[in-house]
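To convert, count from 1 in the sequence shown and add 757; that's my numbering.
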Amino acid sequence: MRAMDPYDVVETGTPCLICETNNPKDAVMCTDCSAPMALVHDSIAQEREPQIVSVVGESNVGKTVYLGFLLDMLSQRAGEFEAIPKGAYSIDLQQNVIGHMTRRCFPPKTPMEPNQWYWAYYQARKMKRKAKWFDLVMPDMAGEAVAAEVDNPQTFRIVRKLLSKSAGTLLLVDAGLASHGASRPDFFALKVLSYIDTLFKGKRDHKIKNPIAIVLCKSDYCPEAFDDAPRFVEANLNRLWHLCNSRFANVEFFACSAVGSLAYATARDDEPADYVQSIPLHTALQGVLEPFEWIVNQI
758 MRAMDPYDVV ETGTPCLICE TNNPKDAVMC TDCSAPMALV HDSIAQEREP QIVSVVGESN
818 VGKTVYLGFL LDMLSQRAGE FEAIPKGAYS IDLQQNVIGH MTRRCFPPKT PMEPNQWYWA
878 YYQARKMKRK AKWFDLVMPD MAGEAVAAEV DNPQTFRIVR KLLSKSAGTL LLVDAGLASH
938 GASRPDFFAL KVLSYIDTLF KGKRDHKIKN PIAIVLCKSD YCPEAFDDAP RFVEANLNRL
998 WHLCNSRFAN VEFFACSAVG SLAYATARDD EPADYVQSIP LHTALQGVLE PFEWIVNQI
């Protein structure tokens, strides 16, 4: 996609950064995909095309918590990076996650409706002399929307557009469930990668080169994932492992956890008898930044 000329906005309206649909100049959200039009105006101000990094995972894998903590770490100059949010809307997600976790509760699930998703636009660079600044767009997509699009393509066109324009993808997988023998995380990851393979029209003899980080969330349930993430995937997510080796040329595996300990609350009088709510007692971030660092080094 060519870099947008500011004069194009004046003459023809405002093309959406995600789906390129023309919108009225005063539109707040894209009329087609519901992406915030502030992304367009901020990218024009930077005079360079932003890179899109997609974070995908099934429902309840911990995607919102992961992305919220990642953005918060970047804004505090974690690791080798410094990052600046472009626009107040870019801070909403991390504020939501940190606010809920401070009160010892998980943030609510991301709604399926794209017009209610959080978006973050960050300007980042490594903290080295004369290091180049680059722009990153990271949306918090609902796991149910990703699943619906993967199962029935064109159901959520915004998911398709985001993945097709992504410079890199972080695929979050529930390591806790996988370590206990559940096949659902393996099948979901297999579907997503198969969808990406079709999306980029991968040919039999040519592997997909876009960088994909497989992030094993909730690895505090299975510490062996931290010891050797690739071996854990091969042993517990064998279908995913074989597809990665067969169809993707640039894949890396990471273990990650955000919660140090959990408590469980039982049902109240007005709730079902079998209702149990998990309560995060404190956070203990491990492996949150490393997948992002790897993706940035690849793009």
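From the three backbone atoms N, C-alpha and C, an ideal C-beta is built for every residue, glycine too.
Asked	Found
Cα-Cα separation, R917 to F838	29 Å
Beta carbon of A877 nearer than 8 Å to that of L850	yes
Cβ-Cβ distance between E901 and M858 below 8 Å	no
Reference C979, options V972, I809, L831 and F989, closest by Cα	F989
Pair within 8 Å by beta-carbon distance, N1002 and Q1055	no
Coarse secondary structure for G925, derived from DSSP in three states	strand
W998, DSSP secondary structure in three states	helix
DSSP-derived helix/strand/coil call for D789	coil
Touch test, the stretch 809-820 against the stretch 841-855, Cβ-Cβ under 8 Å, three pairs minimum	no
Three-state class that DSSP yields for K883 in the structure shown	strand
For F1011, the first and last residue of its enclosing alpha helix (DSSP H)	Where F1011 is concerned, there is no enclosing alpha helix (DSSP H), although the beta strand (DSSP E) it sits in stretches over V1008 to A1012.
Alpha carbon of Q873 to alpha carbon of T867, nearest angstrom	8 Å
Cβ-Cβ distance between R834 and M898 below 8 Å	no
Same chain only: Cβ atoms within 6 Å of A950, ignoring 5 sequence neighbours per side	The amino acid at residue 950 is misidentified as Ala; the sequence shows Leu. L1000, listed in sequence order.
CB contact check: A924 to chain C, cutoff 8 Å	Chain labels in this structure do not include chain C; a single protein chain is all it has.
Where Q1043 falls: helix, strand or coil (DSSP)	strand
Close beta carbons around N780, own chain, < 7 Å, minus the five adjacent residues each side	G770, T771, C773, C787, T788 and M794
For V1016 and D977, believed in contact at Cβ under 8 Å, the rounded distance	7 Å
Neighbourhood of F1010 by C-beta distance below 6 Å, restricted to the same chain and skipping five residues each side	I971, A986, P987 and V990
Residue of L1042, K948 and S936 minimising C-alpha distance to N993	S936
8 Å Cβ cutoff met for A840 and A888	no
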